[in-house]
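Protein chains in written order, with this note's numbering: chain A, 1 to 506; chain B, 1001 to 1396; chain C, 2001 to 2329. C-beta atoms are modelled at their ideal positions from N, C-alpha and C, and glycine is treated no differently. Predicted model only: the values in this text are computed from it and were never measured. Quick notes on the structure that follows.
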Amino acid sequence: MRSVSKSFPGVRALRDVGLTVHVGEVVALLGENGAGKSTLMNILAGVHADYEGGIEIDGQPVFIHSPKDAARHGIAMIHQELNLVPELSIADNVFLGREPRTPRGTIDRGVMRARTAELLGQLGLRVPPRTLVRDCGIAERQLVEVAKALNLNLRLLVMDEPTSALADSEVHRLFAVIRELTARGVGVIYISHRLAELAEIADSVTVLRDGGYVGERAMAETTAAELVAMMVGRPLGELFPRAPEQRSTGPVWLAVRGLATTPKPGSGVRALRGLDFQVRSGEIVGLAGLMGAGRTEVLEAIYGACGAVDGELTLGGRHYRPSRPRRAIRRGVALVAEDRKAKSLVLDNTVRFNTTLVALDRYVRPWRTVDRRAERLAVAAKIGELRVKTPSQTALVRNLSGGNQQKVVLAKCLLAGPSLLLLDEPTRGIDVGAKAEIHALMNSLAEQGTAIVVVSSELPELIGMCDRILVLCEGRLTGEFHRDTGNGSAFDQEGILTAAMAREAA
Amino acid sequence: MTETTRTTDPANKGRVEPPVANGGPKTTKERLARMLPALGSLQGYIGLVLVVLIGIITKGQIFWNQTNLTNAITAFASRGILAVGVTLVILTGGIDLSVGSVLGIGSMTAAMLLTHLNLTPWLIVPLCALVGAFFGLCNGIGTTWLRIQSFVMTLAMLSVVRGIDRQVSDNVAVGTQLTDAQGHLTGQAAAFAKLGTPGHNLLRGNWLPLFGQVGIGYPVIALVVVCVVFQLVLSKTRFGRHVYAVGGNPTAAKLSGVNVTAVTIAVFALSGLLAGFAGPIDAAYSASADPLAGTSYELDAIAAAVIGGTSLAGGKGTVTGTFVGALILTLLDNVLGLNQISDNLQLITKGLIVVLAVVIQRPDFFRSLVSGARRLRRGRNLKSTVDKQKAEGAPQ
Amino acid sequence: MMRSLPRVLGAFAALVTLAAGVSACATSAPAAGGNGSQFVIGYSQSNNAEPYRAQLNLQLQYFVKKYPDLKLDPITDAHQDSGVQVSQVQNFIQEHVNVLIVSPNEPAPLTAAVEQACAAGIPVIILDRTVNTDCYSSFIGGDNYAIGKLAGQAAVQALPNGGTVAELRGILSDQPQIDRDRGFRDGIAGHNITIAFQQEAKWLRANATTIMNQWLSSGQRIDLVYGQNDEMALGAYNAAQGAGRAGQMKFIGTDGLAIPTGGIRAVELGQLYTTFVYPTCAEQAAATAEAIVHKQNVQKKQTLSTVQVTTANAPQLYSQYDMSGKVSG
């Protein structure tokens, strides 16, 4: 694939980008969000039909203008947001659009199930092919996507951030699958922000920046520092820009005693069982734990997103009973939800619309009309402060890159001036530069006295940013770790993981 | 933060900078661009212009004169008002199929209040609107508290309200042209006729150049006022923002502190209110309230909204667009009628125009047209060069 | 999630068996009606929500009451849906009514249902529209062709020197529309009268107003408007009245219902030039039913004549056909 260009109405664009993948090789594609990685891959997968430049396979020029073309040439793509139909079974998904027929013309489910079981077996996934995708975990779904790709005559597999939602053990299983594929001669393009992973799995790495080609390196001959410099275009300072000392001198802002929830059975929401903790003004408290430990549920319970909860809460010294988000907002609580597209943004509306959605009351005149001048000024100030890259305030949020979308979510929350900020995976799936900016922002907010609770699956991030880390397992608190060892046990990756797996005896 | 390194980075040149701090528009073009959303998608007007042009070309003065245009819009006004309410509901991601029936009961209520209680229109119209709002409220409560999908809830309401309408009227139309012993309209009946009976236009006289001697009907005024009011509500108020937020992403709206339940109930109530409000207009137009009045009007209303660029998925659309959509539908009807197109051909043409209007008003219509043509051309060129290469390489 | 085909088929078969069992039980149930001295009449109406049919319902109730040994079951309304009407007719068959009266929504779909009644030994009276079978006891209806022709002749009378006519048509596929249109054209043939405009207004007043407005805009001369029913003629009158041109043309309707918004009153008020009473058949239907239950012979086909409504006879006709206050409950 060489010299591909593509233009978009928004910020994204590609200029003269080239990429080569050899048989059985894993090529990592690296770049900040908005650098053009996803665009390039979508061209390869036939999603964007309109581009300039050419694609060659085995030295032959090929035309890829639709997903069908891509499939014919053995190119499969696993998107960040998986493309499976949740209400169909695994076998149905694997054969979607290519269902085998019996002589009578009905779907031959026997063949489908047998073949799917065989594919799943190759991937080490022990799940019956009849299982509905709805009932599969994220890691399982990903493997189902791989099985779907294998079911084609797979020659090139593109994976966009496959590990962003996976736990460590699941990542290792995925890597084993990738090695198995490359051994069979399949080429893999692997997009990820996690440099440590790339060192483990990739053979070479290609870096993009701002839609342009920066360079290519053999993985063994490069360093993380060099790659980051290539991506950002400048040497990156310290990743976690906080001062090393503890900052928990402020008054207790949020105090929680006996926080418990009883979600509807079957909703997949973890019940919280009697949590006690406090957060001080100016303190950053991390919530660690495995997937499904109840971290998101803690934040949503405090925010009132899942209705009334049990337990005694005080906020800013006054009694606080979470029931609905509106009340939480009025009490100065803000939530940056885990899934920004599903829970935080109105994608088809403008940056300005999204930014002022929470704090709109501040710009309302009599008759509840919006003072649009005041609104415009406030949005301009906030997106300038957070350095949101957008052509204008009226650009659609859908056309922004992931990092900039996340900044819009942050701007929305900060415009309301929260005294308690709840962050759920605030840096998931965004590039190194934006990550650092968000970390710096958390720091400065804490210094101004905002109480912050942050959930993250990346332990180094929590260890780097937090004053205290609380560990959850199955809806209970199973550990507490302090930056300042004078207050208790110090940060310790192994200790935190142990606490995260401290399941109760059944 | 490392602002200095970033702004001097050559790679960032030509990138769009964050908007200037005052946020104000810099050029006329930008100022114009800011006004555009209020006018809806500009391409939506193409369909309207086309219909008007066809009308003028084929019928000239007969089409393009005040009487004809006023008559045409009057005939559609009640459906246009329904379309505004339906637009609100669609913007929140719902649908309201009951508006036709609610209009029917509004018109029956109006005729009965006039004939039995001899009320003045000044009371009849608000009362009918309230009756409509009540049924709308029921729709809203059903879709929120009872968590019934709006399609099902309003489909049921369509049937219930029509049944009530037919029950109270005993399946007999109620006339509104009440006369006294001398055969003259009674005072209230004459006032009611002003709500839309042909020939009872308002604002007659030469004092307004736009309306001239013909005057303009109350239905047209009502439609325009309703459109202006609701366009302002949607674009300028907090409630309007919340409507778009609920339709665009209900979860995000809820987590942003929007009272999704209240907004949903409110849009259904408003839709019912507008349908009830349109009832007297419909009754006055045919000088009687038929128990079947408004049947299948909901489809015209939804068509007007969709032609006007409202997305059935919610969160996208404007009342201005819906107004344009309503104009396209009514003028198309008029042009086809004036040209004496046979009835069956009219049906075919109308269906095709609806599809065409929806396709044209897509924001990327022209871009995809251009790029599609370009791709076609390039694909052919590339293929021919490849074939040439193959031919040259073959002898080796 | 689709279940496997065999299982689906199995469930379906079970349902069918169940339904068959239930209906078998129902047919073996003892027949209601006919006991004592009263005879039960079932009437299946195609659509209550047309003024003409609402009037027919009222009149039937009124005239059945005049025979003490007849009892009318609640009238069923098929809401213009032939499928619904078939099942309603079948319900009457299950009930074993003594006489079944049907106003078919459409001929073809109702034919089988009428044959079923026939097979069950229930005498059937068909009103207004035919069915494609002979096994009914009596058909009672008006003659739409004749009424259309009379309207045409009235137009000739109104325009002695010829002129241009606009015709507002009902739903094009409806048989009365087809017959009235044919009759009208035959009626005006050879009298220098041309039909300049014609369009489908679906029997509705509001549609007629809109269409008439367009015709008025065209600037062409219109001397007379023929509405295939009074509603459409009055809709056109409203439009012409609004344009100040009602005095320049005459309006002819059809149906002549004795209701406040109907044609007889409109003729009385001078809005319509004339209209024609389309007979509701209710009186004859009641009399025929009485004859059938007493085993008397009835005429197989009864065609009812129309009455032309003029300003002279309008008040008298109105009081004759007016049902308000005559039927309670």
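Using a C-beta cut-off of 8 Å, the region 2273-2289 of chain C makes contact with the region 2246-2264 of chain C, since at least three inter-stretch Cβ pairs fall below that distance.
For residue 1060 (chain B), the closest C-alpha among the options C:2271, C:2291 and C:2217 is that of C:2217.
Across the set C:2124, C:2078 and C:2120, the C-alpha of C:2124 shows the shortest separation from the C-alpha of residue 2099 (chain C). In the DSSP annotation of this structure, residue 190 (chain A) is not part of any alpha helix (DSSP H); the continuous beta strand (DSSP E) holding it starts and ends at 187-191.
The shortest C-alpha to C-alpha distance from residue 1104 (chain B) to any of B:1118, B:1159, B:1063 and B:1138 is the one to B:1159.
Note: residue 2251 (chain C) is bridge-paired with C:2225 in the DSSP secondary-structure output.
Per the Cβ contact rule, the region 2178-2185 of chain C is in contact with the region 2142-2150 of chain C (3 or more Cβ pairs under 8 Å).
Contact of residue 1255 (chain B) with chain A is assigned, a C-beta pair being separated by under 8 Å.
Counted as a single uninterrupted DSSP element, the stretch harbouring residue 331 (chain A) is not any alpha helix (DSSP H), since DSSP gives it neither H nor E.
Listed in chain order, the non-local C-beta contacts of residue 291 (chain A) below 7 Å within the same chain comprise 167, local neighbours out to five positions each way being set aside. From the beta-carbon of residue 2229 (chain C), no residue of chain B is found nearer than 7 Å; the closest lies around 12 Å away.
Secondary structure at residue 1145 (chain B): coil, using DSSP grouped into helix, strand and coil. A straight line joining the alpha-carbon of residue 1099 (chain B) with that of residue 2083 (chain C) spans about 26 Å.
Among the bridge pairs identified by DSSP, residue 481 (chain A) is matched with A:469.
Here the C-alpha atom of residue 1093 (chain B) lies approximately 16 Å from the C-alpha atom of residue 345 (chain A).
Closest by C-alpha distance to residue 2131 (chain C), out of C:2198, C:2105, C:2045 and C:2322, is C:2105. Interface residue (Cβ-Cβ distance to chain A less than 8 Å): residue 1259 (chain B) is classified as such. In the DSSP secondary-structure assignment, residue 171 (chain A) is not bridged to any residue. With a minimum length of 3 residues, there is no unbroken run of beta strand (DSSP E) contained wholly in the region 1269-1356 of chain B. Residue 2086 (chain C) places its beta carbon less than 8 Å from that of residue 2109 (chain C).
Contacts between residue 329 (chain A) and chain B, judged by CB atoms closer than 7 Å, involve 1257 in chain order. Its Cα nearest to that of residue 1273 (chain B), the residue B:1126 stands out among B:1293, B:1240, B:1214 and B:1126. By the criterion of a C-beta distance shorter than 6 Å, residue 1327 (chain B) is surrounded in its chain by 1048, once the five residues flanking it on both sides are discounted.
Assignment of beta-bridge partners to residue 60 (chain A) by DSSP yields A:57.
Spanning the alpha carbons of residue 301 (chain A) and residue 1256 (chain B) requires a straight line of approximately 15 Å.
Residues of the region 1272-1296 of chain B whose Cβ lies closer than 8 Å to any Cβ of chain C, in chain order: 1282, 1285, 1286, 1287, 1288, 1290, 1291, 1292 and 1293.
At a cut-off of 8 Å between beta-carbon atoms, residue 1308 (chain B) makes no contact with chain A.
Nearest Cα to residue 2050 (chain C) within the set B:1169, B:1189 and B:1355: B:1169. Under a 10 Å Cβ-count criterion, residue 2311 (chain C) is classified as exposed, with fewer than 16 other Cβ atoms of the shown protein chains found around its own Cβ. Within the same chain, and ignoring the five residues on either side of residue 1285 (chain B) in sequence, the residues whose Cβ sits closer than 6 Å to its Cβ are 1196.
Taking a C-beta cut-off of 9 Å against chain A, none of the residues of the region 1147-1161 of chain B qualify. Here residue 2128 (chain C) is buried, its C-beta having at least 16 other C-beta atoms within 10 Å. Per DSSP, the continuous beta strand (DSSP E) segment holding residue 285 (chain A) begins and ends at 284-288. Rounded to whole angstroms, the Cβ separation of residue 1083 (chain B) and residue 1305 (chain B) is 5 Å, and the two are in contact under 8 Å. Taking a Cβ-Cβ cut-off of 7 Å, the neighbours of residue 1172 (chain B) in chain C comprise 2051, 2054 and 2259, given in sequence order.
Within the region 1098-1133 of chain B, the complete alpha helix (DSSP H) segments at least 4 residues long are 1099-1112, listed from N- to C-terminus.
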